[in-house]
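Engineer:
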Amino acid sequence: VLGPYKGGLRFHPTVDEGVLKSLGWEQIFKNALTGMPLGAGKGGSDFDPKGKSDAEIRRFCESFMIELYRYLHPSTDVPAGDIGVGGREIGYLYGQYKRLTNRHGGGVLTGKSILFGGSHLRPEATGFGLVYIAKIAIEKNGHTLSGKRCMVSGSGNVAQYASKKLLEMGAKVITMSDSNGCIFFENGLSEDDWKLIVEAKQVHRARLSSLPIGKYMPDKSPWNLSFTTFDYAFPCATQNEIDRDGAASLVKNGVQGLFEGANLPTTLEGQDILRKKQILYIPGKAANAGGVAVSGLEMSQNAQRLQWSEEEIDNRLHSIMTDIYDQIEAQSRNGSGGTLEDGATCAGFLKVAQAMKEMGWVY
């Protein structure tokens, strides 16, 4: 109703139709909150890129695009990346699309390399946007990020660039993680530590356990560490990573706010605990909308055959995240239940419902 299908492709063993439907449903309201003319969608495969060679991943991407390409168009369906689909995979997919169609320059995929139609700050966008909206919410509550202890889960793009922006704002990042375990930094992640993690994940595709930094704890998650205190939580790994026990542990350890960088990382039982304890909570449909927002900006640049500067993209991203916060705060005061979580759901839903009504799709 608002625009072409827009959402990420996920390559992960847990992908099935139910997961994609759930993520696609959430994407509808996230995209609506950005204020951009974007519908929603989600796709992917249970193919697991972990442990595969570049050649194996390239061949899979090419085969995947043989079936997908016929559905793609800037006005119809524009996928991006998600878990297991980063710049490498998007490059292989886009190369096969061009090989099959002989069409060049069209915005049919986002998250592309800057060399062939990508946007500045697209890899950073979700993490940066997450911290921008968290900073606004924290300051509205009379606090600051500077000097605060922040737990981050994951070590992919979202976690990497959320951590980078937190460091820039003077916060202390005390954890990062991957599917095998968690690294703990008592005095906070340093810039050199951050660079090592980025190199390990983006260049060598290595596990965190291979790095000589922090205290590595196998089979642990940031959400079940009971020996430390912290102020804010940034789940940036995957869906359902914070369950009832994880949320209870967060509260016990002193969490003041939780901001979702991943899609649906907190289970319903975990959300109930956050509500009962009145923890500042911004769900992913608002908190991690920076990624799809800059994807929309990438589509705009492609349509105009332009490339905007990094500074312009960052300013636009900050403006979009500020507008999202204003929307959900206003809606939270307008009878939606009084929380930013309720405000996010209601603000996105009402935009979609009103558009359907004005188009005559519901009456």
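Numbering (my numbering), first residue to last: 13 to 375.
Using N, Cα and C, we set each Cβ at its ideal position, and we do this for glycine too.
Just so it is clear, the structure is predicted and the values come from calculations on it, not from any experiment.
Determine the extent of the alpha helix (DSSP H) in which residue 138 is found, giving its start and end residues.
Structural biologist: Taken as a continuous stretch (DSSP letters only), the alpha helix (DSSP H) holding residue 138 covers 137-152.
Engineer: Please specify which runs of the beta strand (DSSP E), each continuous and at least 3 residues long, are wholly inside the stretch 175-255, giving them in chain order.
Structural biologist: Whole beta strand (DSSP E) segments, 3+ residues: 184-190, 193-196, 227-230 and 244-246.
Engineer: Considering only the alpha carbon of each residue, which of 319, 294 and 215 lies closest to residue 134?
Structural biologist: The candidate whose alpha carbon is nearest that of residue 134 is 319.
Engineer: Which two residues bound the contiguous beta strand (DSSP E) that contains residue 294?
Structural biologist: 292-294
Engineer: I'd like to know whether the C-beta atoms of residue 374 and residue 44 end up nearer to each other than 9 Å.
Structural biologist: no
Engineer: Could you compute how far the alpha carbon of residue 120 sits from the alpha carbon of residue 34?
Structural biologist: 23 Å
Engineer: Residue range of the beta strand (DSSP E) that residue 163 falls in?
Structural biologist: 161-164
Engineer: Given residue 281, which residues of its chain have a CB within under 8 Å of its CB, disregarding the five upstream and five downstream residues?
Structural biologist: 255, 256 and 259
Engineer: What did DSSP end up calling residue 321 once you bin it into helix, strand or coil?
Structural biologist: The answer is coil: DSSP assigns residue 321 none of H, G, I, E or B.
Engineer: Let's see if you can read the secondary structure: which residues bound the beta strand (DSSP E) around residue 57?
Structural biologist: 55-57
Engineer: For residue 16, count the other beta carbons within 10 Å of its own beta carbon; 16 or more makes it buried, fewer makes it exposed. Which is it?
Structural biologist: By the neighbour-count rule (16 or more Cβ atoms within 10 Å), residue 16 is buried.
Engineer: CB-CB under 8 Å to residue 310, same chain, minus the five flanking residues each way: which ones, in chain order?
Structural biologist: 119, 122, 123, 124, 129, 130, 131 and 134
Engineer: Pick from 73, 104, 49 and 278: whose alpha carbon is nearest that of residue 306?
Structural biologist: Checking every option, the nearest Cα to that of residue 306 belongs to 49.
Engineer: Near residue 10, which residues of its chain fall below 7 Å by C-beta distance, leaving aside the five closest residues on each side in sequence?
Structural biologist: Because the chain spans 13 through 375 in this model, residue 10 falls outside it and cannot be assessed.
Engineer: Using the Cβ count rule (16 or more neighbours within 10 Å means buried), how would you classify residue 77?
Structural biologist: buried
Engineer: With a cut-off of 8 Å on the beta carbons, I'd call residue 250 and residue 230 a contact; round off their distance for me.
Structural biologist: Not quite, the Cβ-Cβ distance comes to about 18 Å (not below 8 Å), so this is no contact.
Engineer: When DSSP labels each residue in this structure, what does residue 338 get in the three-state scheme?
Structural biologist: Residue 338 falls in the helix class under three-state DSSP.
Engineer: Going by Cα to Cα distance, which pick from 55, 25, 41 and 46 is closest to residue 32?
Structural biologist: Just measuring C-alpha positions, the residue of 55, 25, 41 and 46 sitting nearest residue 32 is 55.
Engineer: What are the start and end residues of the beta strand (DSSP E) that includes residue 20?
Structural biologist: Unbroken beta strand (DSSP E) run through residue 20: 17-23.
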